[in-house]
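A quick write-up on the structure given underneath.
So, in structure tokens, the structure goes:
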């Protein structure tokens with residue numbers, strides 16, 4: 018990696034950006050914490066404790082001991098290790114580092130492609146700001162880093178025959194054990210193969226490069242199979258995404274430009290405006306960049322989960338589509354532009370100072386440790402606040418261990434606090450629950466008319482739901498359900514016969 | 025001259041083809057899309073019966089008697105009501121389809137007159153009609169789409185050809201627009217984009233003449249703006265439009281969170297629309313002309329932004345793509361088969377024409393099509409086309425039951441069903457809520473959604489409004505909750521999708537359910 022950093026220009030900016038984004042992420046650190054992380058840590062802990070990979074479900078009632086397509090094994094172990102050694106704060110700080118590293122590579126790439134440093138900064142700041150909603154401590158954020166690194170290495174190989182291409186298979190092994198989006202590497206290589214086809218170069222050179230990229234693609238596909246599921250990973254990942262997740266998971270829905278993706282709409286307009294006004298002649302743009310950019314647009318409009326991937330890929334490539342000749346015909350703009358170019362070159366071409374780099378890196382690690390320890394307390398308090406308001410504590414205290422119904426995010430809390438005593442109905446894990454089961458969950462969660470049939474089907478004895486329309490409906494069924502817990506945010510009901518069975522052992526805690 | 029009469033032109037041929045496509049494939053879906061047409065016809069009936077333009081009397085909901093709603097669509101209401109009287113739904117729907125086709129015809133004519141290759145124009149219109157298609161509904165908004173195209177063509181004539189004469193039509197056209205649909209300010213957005221674009225181009229090119237020219241455009245815009253006050257409500261008429269853009273009014277929050285057409289478009293379900301968006305970027309990147317007109321870029325980007333946000337604006341974005349994209353791209357691909365096909369067409373006397381937009385021939389075609397399809401209903405019952413409301417889409421059976429067994433007292437109804445109840449019960453005032461929505465004060469909207477969502481005070485509100493029966497979709501939360509309250513309500517009618525509940529005699533909504541409480 019040092020070759021990448023040292024290449025042609027100095028690395029001060031890259032390090033500074035690493036630090037700044039890291040600090041920025043730390044200051045927004047409470048947003049990094051989220052309930053799926055807790056399940057990943059618990060899973061990781063189990064694997065470390067038992068010394069084997071967890072591919073069977075241990076958390077839910079219905080799928081107990083059934084196969085779990087757990088494609089996040091390595092990231093779960095990493096999270097669990099950091100958690101056990103340094104606490105929950107360090108997991109979030111680690112995520113902040115991962116994100117910071119992504120953006121410093123992004124900056125590096127634009128610098129490497131000789132993009133004016135100020136344009137580089139504009140796209141960097143935009144991408145940092147726009148991806149903020151997805152800065153969360155989950156394995157998904159590893160994808161940002163992998164995608165940026167894969168693009169940089171492939172691009173450097175394509176243009177300079179860089180030897181770092183040999184790293185890619187090893188990275189691919191890590192990626193396929195960390196997250197399900199590993200197939201983006203194939204898309205990147207295929208885009209370069211197609212781009213090569215359209216390039217005006219000597220035929221022999223072109224064919225040679227294309228063949229090598231093709232072999233690389235094959236190697237990447239083969240090494241992907243180095244995972245607990247071997248070749249089955251392909252069928253499982255694609256099958257799961259195209260059947261279960263895309264229909265049931267909110268983040269796989271089309272972006273909501275009123276809320277989550279409001280600002281992204283303006284970003285798309287900005288990109289379109291820039292392309293319409295300033296895009297280069299198409300002959301000057303390598304087609305692989307266009308292809309990757311278009312794929313990122315397609316995947317983002319398809320599912321809002323791809324927001325950050327779209328922003329990162331567009332920030333890497335759109336600046337390469339632009340040239341400002343048209344504006345530079347205007348005198349004062351031309352003057353400013355020349356000055357910017359001069360500063361840009363001066364800033365980037367200063368010689369490296371190894372001592373300065375070491376100082377920056379040391380500051381970074383000090384911050385890492387300090388922040389981890391400092392934030393442990395804050396994060397623990399935040400989780401226990403969730404716990405108090407979630408009712409998980411009530412369930413644990415009163416030993417309500419029969420089969421119950423709750424929403425997925427409450428399932429995460431139950432796993433974190435009540436495992437192994439309480440088994441969950443559902444949680445945020447992917448690859449566990451079947452299509453039919455998810456459909457039944459949908460009927461319950463969205464209160465469809467047939468929800469009572471589903472309750473009967475699964476013999477549900479308690480319901481743990483947020484206060485509101487749902488609980489108001491259950492209140493009307495007071496001959497069947499007994500309200501035993503309500504603290505203002507969540508409500509717990511016990512089925513009347515179950516309540517009669519255990520009423521002497523539990524306390525009723527209903528805030529009125 | 026005589027020879028020209030027997031020539032067939034691409035534009036007229038395209039008109040007939042598009043119309044036939046819409047008629048034979050979309051008629052049923054257009055008629056059964058939503059209930060807006062139904063209450064619009066009823067409003068038109070009232071206007072014609074009472075010969076009043078301002079509906080100061082509320083005629084559909086029993087909640088209030090006076091109506092302060094500034095609904096700027098009286099011309100559209102009269103047109104729909106009149107058409108329904110002369111030819112039933114058939115005449116209304118065929119008119120709507122002719123209006124959609126004529127809007128596309130104008131786009132094609134404009135592009136051909138701007139020297140865009142007719143095949144390229146046809147290709148883009150064909151592709152992005154899919155965006156426009158989203159809003160092919162029997163609604164007043166279709167008139168706005170027509171006016172958007174007309175405004176664009178007129179202002180562009182001034183921008184590109186310095187044609188001042190056409191600009192004088194804008195204030196006159198605007199008087200019609202403001203009285204036909206509340207989206208008349210879209211025209212000013214188009215004008216503003218041209219104005220800014222021209223000023224910026226003038227500054228960048230140091231073309232002071234161009235900047236001076238904006239004065240006249242601004243002047244016409246100002247006169248046009250003054251004419252917008254020529255509506256039955258005067259200045260108050262503008263509030264209707266502004267409210268739909270400004271979030272300040274609480275009632276509009278309901279729109280942005282609940283009404284389908286105000287939500288973002290679902291590209292997940294409509295994967296084709298996603299692909300079209302990507303194709304759009306692809307065409308721009310690969311075939312963009314060296315220098316583009318800034319007004320087109322501004323308009324393009326503005327409506328892209330609005331289209332992604334509100335699915336209903338994708339239709340406008342589609343129209344703007346059709347109008348601007350063929351002028352922004354240069355495709356040099358020469359297909360031999362296309363050249364041969366062109367030659368082949370000329371054998372049949374099919375040519376490209378530079379004739380005026382409003383050629384006599386096109387009016388003959390329109391009248392003929394309206395007569396054949398709308399009045400004579402020549403092709404009704406052909407290929408499954410029936411000018412009837414679907415039982416599955418509308419609560420036909422439940423409404424029929426309610427008509428025969430009218431339950432006394434105030435009712436509460438599902439939002440969508442409100443439009444159909446109006447249609448069947450007018451002139452009786454029966455609904456609690458209907459898809460006009462903005463006619464209702466904020467408190468009523470809040471109460472409606474609170475009951476609809478079965479909020480904490482749902483029963484209290486049912487008591488306050490003295491509700492005796494509820495006409496609900498089976499999926500409504502309140503409908504689900506009431507299934508467990510047999511102690512206070514009876515299900516008097518139930519069909520596949522809808523259910524009617526009636527409050528029991530001597531029962532109160534606030535009656536507690538009798539249960540064994542062992543606390």
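Residue numbers (our numbering), protein chains in the order written: chain A, 18 to 529; chain B, 25 to 543.
Even glycine gets a Cβ: it sits at the ideal position worked out from N, Cα and C.
What you are looking at is a predicted structure, and each value in this text was computed from that prediction instead of being measured.
Note the first and the last residue of the continuous alpha helix (DSSP H) segment covering residue 587 of chain A.
Here chain A comprises residues numbered 18 to 529, so residue 587 of chain A is not present and cannot be evaluated.
Short of 6 Å in beta carbon distance, which residues of its chain neighbour residue 509 of chain A, apart from the five on each side in sequence? Order them along the chain.
408, 481, 501 and 502
So what's residue 527 of chain A in DSSP terms, helix, strand or just coil?
strand
Within the region 27-82 of chain B, ranges of the beta strand (DSSP E) (whole runs, at least 3 residues)
none
For residue 360 of chain B, count neighbouring Cβ atoms within 10 angstroms of its own Cβ and tell me buried if that reaches 16, exposed if not.
exposed
What are the boundary residues of the alpha helix (DSSP H) that includes residue 477 of chain A?
Unbroken run through residue 477 of chain A: none, as it is neither H nor E.
Is the shortest distance between the beta-carbon of residue 537 of chain B and the beta-carbons of chain A less than 7 Å?
Interface residue, yes.
With a threshold of 7 Å between beta carbons, is residue 556 of chain B in contact with chain A?
Beyond the ends of chain B as shown, which are 25 and 543, falls residue 556 of chain B; an answer cannot be given.
Pull out every residue of the region 327-345 of chain B whose Cβ sits closer than 8 Å to any Cβ of chain A, in chain order.
328, 329, 332 and 333
Pull out every residue of the region 492-512 of chain A whose Cβ sits closer than 9 Å to any Cβ of chain B, in chain order.
492, 493, 494, 495, 496, 497 and 499
Quick one: grab the DSSP three-state call for residue 93 of chain B.
coil
When the Cβ atoms of the region 58-78 of chain A are set against those of the region 169-177 of chain A, are three or more pairs found closer than 8 Å?
no
What does residue 270 of chain A reach in chain B if we use C-beta pairs closer than 8 Å?
In chain order: 290 and 292.
I need the boundaries of the beta strand (DSSP E) containing residue 435 of chain B, first residue and last residue.
434-437
Tell me which residue opens and which closes the beta strand (DSSP E) that residue 518 of chain B is part of.
Where residue 518 of chain B is concerned, the enclosing beta strand (DSSP E) stretches over 513-518.
Buried versus exposed, by CB contacts within 10 Å (16 or more), residue 66 of chain B
buried
By DSSP's criteria, residue 524 of chain B is part of a beta bridge. Which residues make up the other side?
B:495 and B:517
C-alpha distance - residue 511 of chain A paired with residue 109 of chain B, whole-angstrom precision
60 Å
Inter-residue Cα distance where the pair is residue 393 of chain A and residue 107 of chain A
7 Å
List, in order along the chain, the chain C residues whose C-beta lies closer than 8 Å to that of residue 325 of chain B?
Of the protein chains in this structure, namely A and B, none is chain C.
Examine chain A for any beta-carbon lying closer than 7 Å to the beta-carbon of residue 356 of chain B, and answer yes or no.
no
Just the Cα atoms here: how many angstroms apart are residue 16 of chain B and residue 464 of chain B?
The structure shown does not extend to residue 16 of chain B, since chain B is modelled only from 25 through 543, so no value can be given for it.
Within 8 Å, do at least three Cβ pairs link the region 34-48 of chain A to the region 100-115 of chain A?
yes
Environment of residue 34 of chain B [buried if 16+ CB atoms lie within 10 Å]
Residue 34 of chain B sits buried, since 16 or more C-beta atoms from the chains shown fall within 10 Å of its C-beta.
Which same chain residues, not among the five before or five after residue 540 of chain B, have their C-beta less than 7 Å away from its C-beta?
With a pLDDT of only 48 at residue 540 of chain B, under 50, the local geometry of the prediction cannot be trusted, and the value read off the model is given with reservation. Counting only Cβ-Cβ distances below 7 Å, and skipping sequence neighbours, we find nothing.
When the cut-off is 7 Å and only beta carbons count, does residue 439 of chain B lie next to chain A?
no
From residue 74 of chain B to residue 86 of chain B, what distance separates their C-alpha atoms?
20 Å
Output needed for residue 91 of chain A: all residues of its chain with C-beta closer than 8 Å, excluding positions within five of it in sequence on either side, in chain order.
191, 194 and 195
Residue 477 of chain B at chain A interface by Cβ criterion, 7 Å
yes
Shorter than 7 Å from the beta carbon of residue 319 of chain A to some beta carbon of chain B?
yes
Can you give me the C-alpha to C-alpha distance between residue 350 of chain B and residue 312 of chain B, rounded to a whole angstrom?
10 Å
Check each residue of the region 477-503 of chain B: if its Cβ is closer than 8 Å to any Cβ of chain A, include it; give the result in chain order.
477, 478, 479, 480, 482, 498, 499, 501 and 503
Contact list for residue 486 of chain A against chain B, beta-carbon separation under 8 Å
477, 478, 479 and 501
I'd like to know whether the C-beta of residue 421 of chain B is nearer than 7 Å to at least one C-beta of chain A.
no
Tell me, please, whether the CB atom of residue 368 of chain B is closer than 7 Å to any CB atom in chain A?
no
Within 10 Å of its beta-carbon, does residue 199 of chain A have 16 or more other beta-carbons around it, so buried, or fewer, so exposed?
buried
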